[in-house]
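In what follows, a structure is listed as structure tokens, so that the remarks can point back to it.
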Amino acid sequence: MSGSKVATMRDAIAALVRDGDSVAIEGFTHLISFAAGHEIIRQGRRDLTLIRMTPDLIYDQMVAAGTASGLVFSWLGNPGVGSLHAIRRRTEGDAPTLALEEYSHFGMVGRYTAGAMRLPFFPLRSYFETDLPAANPRIRPIRSPYGDELVYAVPPLNPDVTIVHAQRADAAGNTQIWGLLGCQKEAAFAADRVIVVVEELVDEAVIRADPNRTAIPGVIVDAVVVEPFGAHPSYSQGHYDRDSRFYVEWEAISRDPERLDAWLREWVHDLPDRAAYREKLGPETLARLRPTGSAPSGSVDYGRYG
Amino acid sequence: MSGSKVATMRDAIAALVRDGDSVAIEGFTHLISFAAGHEIIRQGRRDLTLIRMTPDLIYDQMVAAGTASGLVFSWLGNPGVGSLHAIRRRTEGDAPTLALEEYSHFGMVGRYTAGAMRLPFFPLRSYFETDLPAANPRIRPIRSPYGDELVYAVPPLNPDVTIVHAQRADAAGNTQIWGLLGCQKEAAFAADRVIVVVEELVDEAVIRADPNRTAIPGVIVDAVVVEPFGAHPSYSQGHYDRDSRFYVEWEAISRDPERLDAWLREWVHDLPDRAAYREKLGPETLARLRPTGSAPSGSVDYGRYG
Amino acid sequence: MSAAPATRTERMIVAAARELAGKRVCFVGVGLPNIAVNLAQRTVAPELELVYESGVYGARPGRLPLSIGDPTIVTGATAVTSMLELFGYYLQGGRVDVGFLGAAQIDRYGNINTTVIGDYAHPRTRLPGSGGACEIAIDAREVFIVMRQSARSFVERIDFRTSPGNLGGGEAAARLRAEQGWTGHGPSVVVTDLGVWRFGTDGEMVLVSLHPGATLDEVRGATGWAPAIAPDLRPTPEPEPEELRLIREELDPAGLYTR
Amino acid sequence: MSAAPATRTERMIVAAARELAGKRVCFVGVGLPNIAVNLAQRTVAPELELVYESGVYGARPGRLPLSIGDPTIVTGATAVTSMLELFGYYLQGGRVDVGFLGAAQIDRYGNINTTVIGDYAHPRTRLPGSGGACEIAIDAREVFIVMRQSARSFVERIDFRTSPGNLGGGEAAARLRAEQGWTGHGPSVVVTDLGVWRFGTDGEMVLVSLHPGATLDEVRGATGWAPAIAPDLRPTPEPEPEELRLIREELDPAGLYTR
Chain P
18 MSGSKVATMR DAIAALVRDG DSVAIEGFTH LISFAAGHEI IRQGRRDLTL
68 IRMTPDLIYD QMVAAGTASG LVFSWLGNPG VGSLHAIRRR TEGDAPTLAL
118 EEYSHFGMVG RYTAGAMRLP FFPLRSYFET DLPAANPRIR PIRSPYGDEL
168 VYAVPPLNPD VTIVHAQRAD AAGNTQIWGL LGCQKEAAFA ADRVIVVVEE
218 LVDEAVIRAD PNRTAIPGVI VDAVVVEPFG AHPSYSQGHY DRDSRFYVEW
268 EAISRDPERL DAWLREWVHD LPDRAAYREK LGPETLARLR PTGSAPSGSV
318 DYGRYG
Chain D
18 MSGSKVATMR DAIAALVRDG DSVAIEGFTH LISFAAGHEI IRQGRRDLTL
68 IRMTPDLIYD QMVAAGTASG LVFSWLGNPG VGSLHAIRRR TEGDAPTLAL
118 EEYSHFGMVG RYTAGAMRLP FFPLRSYFET DLPAANPRIR PIRSPYGDEL
168 VYAVPPLNPD VTIVHAQRAD AAGNTQIWGL LGCQKEAAFA ADRVIVVVEE
218 LVDEAVIRAD PNRTAIPGVI VDAVVVEPFG AHPSYSQGHY DRDSRFYVEW
268 EAISRDPERL DAWLREWVHD LPDRAAYREK LGPETLARLR PTGSAPSGSV
318 DYGRYG
Chain U
51 MSAAPATRTE RMIVAAAREL AGKRVCFVGV GLPNIAVNLA QRTVAPELEL
101 VYESGVYGAR PGRLPLSIGD PTIVTGATAV TSMLELFGYY LQGGRVDVGF
151 LGAAQIDRYG NINTTVIGDY AHPRTRLPGS GGACEIAIDA REVFIVMRQS
201 ARSFVERIDF RTSPGNLGGG EAAARLRAEQ GWTGHGPSVV VTDLGVWRFG
251 TDGEMVLVSL HPGATLDEVR GATGWAPAIA PDLRPTPEPE PEELRLIREE
301 LDPAGLYTR
Chain H
51 MSAAPATRTE RMIVAAAREL AGKRVCFVGV GLPNIAVNLA QRTVAPELEL
101 VYESGVYGAR PGRLPLSIGD PTIVTGATAV TSMLELFGYY LQGGRVDVGF
151 LGAAQIDRYG NINTTVIGDY AHPRTRLPGS GGACEIAIDA REVFIVMRQS
201 ARSFVERIDF RTSPGNLGGG EAAARLRAEQ GWTGHGPSVV VTDLGVWRFG
251 TDGEMVLVSL HPGATLDEVR GATGWAPAIA PDLRPTPEPE PEELRLIREE
301 LDPAGLYTR
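Protein chains in written order, with the numbering used here: chain P, 18 to 323; chain D, 18 to 323; chain U, 51 to 309; chain H, 51 to 309.
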């Protein structure tokens, strides 16, 4: 419909992510844009407030690289494996140097939803009788106007930039996702600027053939970056598997600051872009992560009318 | 997974809809279960509170047939055509006999959502400076716990029964919809009992092939009724068109109480079931409403993993 | 090949369509607004994205839909979502530039009644109610109103305020909208079968152009208050032949709305 | 064909799985709970529907997922939804029968800490935090806790209350839950590598069975308070060979979690 928003990752990050921004790279396990995170590190952004339900390895790397001064999150770990040690080193002990703002999962989802809907708060039945509201005074009780019942509220979350990886988009940024949907739609609608990174750039007709599959409309998207394998070691349903082996290996890398620095040099700073990362991963890794077979959704018929 | 919930419409309505119930037959223009509404009329239910964002012809018919004592809604008309005269006759003038509880569209959606989420209220930016809160005291102002901003709240809506028409379900009630989604998911999750009426009963494998397409999981469904063409004169995307001609004709039928009674006799009371209605419509009408061609969504690949 | 002269309804549609020049995202109501928006997309606003409250974004209707939930607005659309997302993320989220509203009654400040004529509890006429109108009036960045004008519809005092316009005046309305965080700036234009009205800083509508064939006397007779007339009142420009052709041949060949 | 004797971890998994007999909808955590739930589905609870907080309902994992967002839980599932719907409609909506939680620290009332060891602002150890645990503890009809037991994890006083259990006692907890409209009735069982605990009406956990090989002295040494022991304390029934086979050959062949 409108002009193309296709850009290189370098140009998209340079134009849309600024020092001091709040940045949400969302995607629950699935479709995490490591490619964008690495480019932010390469461009030396500073003082970012990093927002994610589950900071995952990408924020451990971005914190280790010195991009961040704060973290907004709901679960801080290497799922099924262990810790994010770079983040822990800056949050434990007498003088933490990373500001934490902590919610539960539903609290974070509610915050994005309030942000997307321009609500001044989102109510939820959570936090009762826990220490979380004391730890984070932005979690506040609110009384129902019906029968005086008490629930809790969380405030809206409106990132300066939301970055989402997806299976496909057209040049105008109309974006489709299948598999885990996480809170990408809410995080994108809540944001001031949106970057979509995709496995495949497709014709507008592909999107329009299945409008129920569209997660993010182009009208809220500022840049479309085409970056196959851009979510590795996270995954893209149907394209490649989660590299669980790398998640296990990260435990030892992350535990040792020198090893972590060396890793960042080798896999981020010394590489010009994601194409070089893909090449460095090598054909064996790409082959190892290929799905064992296909599982087609099947096609439904919307019918022509007029 | 679990036992079959497939039932006839007669048995489903007999078992699950009781005199005095609040009943939501949802579907915004699309997928309105006229088949269920007609069976409720045939079984002579009384004193129902009928809930729908847009009461549409089906509630005009159900009100005319004497099933209802109240109406909860947000837009009362024959879309693009005119009025619902049976309902108007019971709501205009000095002695209205149908209790109206009135919201806006987003208010109704918020009510279902609060019902589905077990929230004591849903906040929205609506109703400011209108006469709606005075007309309906259940619309109440609420202050944000952040910065004292004022918004409005609507209370949760939890129908005794929600009835939803859909393109397909499996025998356990796992239900998929494409095209307009309305607020069916919210209305179903908010309800105590759920009846799903479908164009096609499909194997569980069809549902599991495209889990993102599932609107309603079987675990909240009480009965699955297979009723092809069960939404006429509403429509089922991809199966048949909206019978706009009938919507235009309804204006004159509805305006004249005697004609309306005759219509109810001919098309509801004197027919045993939906199969007879389909037959009475005749092959020409069915052919007229066939889509002019197919518009396949295309298939996406979820991939096999392990 | 000489076409029949434009009817008043056609003039209303063409004038409304031209207001959409340069607009991006438009919330479409059914009937007249729908024809105006589709005309605009084919003429002055090729980039226009159509949003329907039924859950459709970026519709490409293959025929003129009778209702805003017609299957023709679904097939080939950019996105089709639940109404929670449509109203929450698109409309309340502030993504809609222009909302179109009709009205049974309107007052000089653009406040609208689509609920009842008479008393709310014992109405003379029960109208459809808000639907999404109340939210559109509050959340769309600006509101276009399209309606036929008469002394019964342009009234000194509306019987029920369904959708807020400029409330009791422009300054107070602007202050309230800012204080309460409304996305919308309220009504910006009213297009009728007699002319085009805009709103002054005092929040009151002013007749800025008169359709050829209509007279000021006619306007005064069809307005329930002493209407403000712009000092530089002009005739509404004539519809182009192509605009009339599109309406008559493509958008409403049966003349369901335009005759 | 004689199998190796059951390890303590295997006893813990089998005991947890058996608790799921007759249950319908289970919210699965990763790791040990995941193996227990999958074992239950293959043995005592064939009707069990698996819910993952990542947005999956009715999963049919083709392999043991390392994370709760693994692609293998998506392909072939009954429904995959946004997290707003998963947490809002499924969990808070009251559709989950059993939620599984782990813990870094637990007290006698089943209150759980997964946030920090030490002071919140200056923690000795920063743990993952709530994730969905806080909501599961409040909304799931009942909560099963699976964790290894030691004097460091079974403590008199937890450092931070992430997920509420029976608060300060059974009666007060039941009253609060009713008053505040929680769907959940709180923790009903704690399965450890030493035995199985249930909760009395006073809200305190009571050891009801002891795994063969574990002793009461061991339990007391691994509990930071004087534990209540059921008068009819029994040995936990031995795992069946088929249960062990399923764990060893199908569910965790690499022994990632069970050795």
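Even for Gly, the Cβ is constructed at its ideal location relative to N, Cα and C.
Source: prediction; values computed, not measured.
- Its Cα nearest to that of P:D177, the residue P:A208 stands out among P:P162, P:A208, P:W195 and P:P158.
- A direct Cα-Cα distance of roughly 33 Å separates U:P178 from P:D318.
- Between U:W247 and the set U:E300, U:P277 and U:L257, the nearest pair of CA atoms involves U:L257.
- For P:V223, the chain D residues whose C-beta falls within less than 8 Å of its own C-beta are G315, listed in chain order.
- H:G143 belongs to the set of residues whose beta carbon lies under 9 Å from a beta carbon in chain D.
- Secondary structure within the stretch 104-139 of chain D: the beta strand (DSSP E) runs of 3 or more consecutive residues, fully enclosed, are 116-119 (chain order).
- Boundaries cannot be given for D:V219, as no beta strand (DSSP E) includes it and DSSP labels it neither H nor E.
- DSSP places U:V269 in the helix class (H, G or I) of the three-state scheme.
- Rounded to whole angstroms, H:V269 and H:I195 show a C-alpha spacing of 17 Å.
- Taking each of P:G255, P:D239 and P:D260 in turn and checking the Cα distance to P:H249, the smallest one comes out for P:D260.
- If you ignore the 5 residues before and after H:W275, its C-beta comes within less than 6 Å of the C-beta of R158 and E206, all in its own chain and listed in chain order.
- Contact between H:P111 and H:T122 is confirmed by a C-beta separation of about 5 Å, below the 8 Å threshold.
- Taking 9 Å as the cut-off, the beta carbon of D:Q184 is found no closer than this to the beta carbon of D:V211.
- At a C-beta separation below 7 Å, P:E119 has these neighbours in chain H: G179.
- Apart from the 5 residues on each side of it in sequence, U:G144 sits with its Cβ closer than 6 Å to the Cβ of T233 in its chain, given in chain order.
- Assigned with DSSP and collapsed to three states, P:G255 falls in coil, not helix or strand.
- Ranking D:R262, D:E268, D:M134 and D:F246 by CA distance to the CA of D:K297 puts D:F246 first.
- Under a criterion of Cβ atoms nearer than 7 Å, the residues of chain D adjacent to P:I159 are, in order, P162.
- A distance below 8 Å between beta-carbons, with the five flanking residues on each side excluded, links U:F137 to the following residues of its chain, in chain order: E103, G182 and E185.
- Following the DSSP letters along the chain, one finds H:F204 in no alpha helix (DSSP H), marked with neither H nor E.
- Of all residues in the stretch 179-210 of chain U, only G179, S180, G181, G182, A183, C184, E185, I188, D189 and F210 place a beta-carbon less than 8 Å from a beta-carbon of chain D.
- The Cβ atoms of P:L101 and P:D77 lie closer than 9 Å to each other.
- Straight-line measurement puts the Cα of P:L88 at about 6 Å from the Cα of P:E118.
- Take the alpha-carbon of H:V124 and the one of H:T131: they are about 10 Å apart.
- Sorting P:P172, P:P162 and P:T179 by C-alpha distance to the C-alpha of D:P172 places P:P162 at the top.
- Annotation for H:R298: no beta strand (DSSP E) segment contains it, and DSSP assigns it neither H nor E.
- Contact annotation: the stretch 63-80 of chain H does not touch the stretch 209-228 of chain H, with fewer than three C-beta pairs closer than 8 Å.
- Neighbours of D:A152 in chain U, taken as residues at a C-beta separation under 7 Å, are given in chain order as Y170.
- Ranking U:L266, U:T273, U:E299 and U:R191 by CA distance to the CA of U:P285 puts U:L266 first.
- Straight-line measurement puts the Cα of D:A205 at about 24 Å from the Cα of D:S143.
- P:M125 is outside the set of residues whose beta carbon lies under 9 Å from a beta carbon in chain U.
- Cα atoms of H:M62 and H:V193: separation of roughly 16 Å, rounded to the nearest angstrom.
- W195, G196 and L197: these are the residues of the stretch 178-197 of chain D whose beta carbon lies less than 9 Å from some beta carbon of chain U, given in chain order.
- Under the three-state reduction of DSSP, P:W284 is assigned to helix.
- Counting only residues of its own chain and dropping the five nearest sequence neighbours on each side, H:V239 has a CB closer than 6 Å to the CB of E69, F194 and R248.
- Taking C-alpha positions only, P:G124 is separated from U:G245 by approximately 51 Å.
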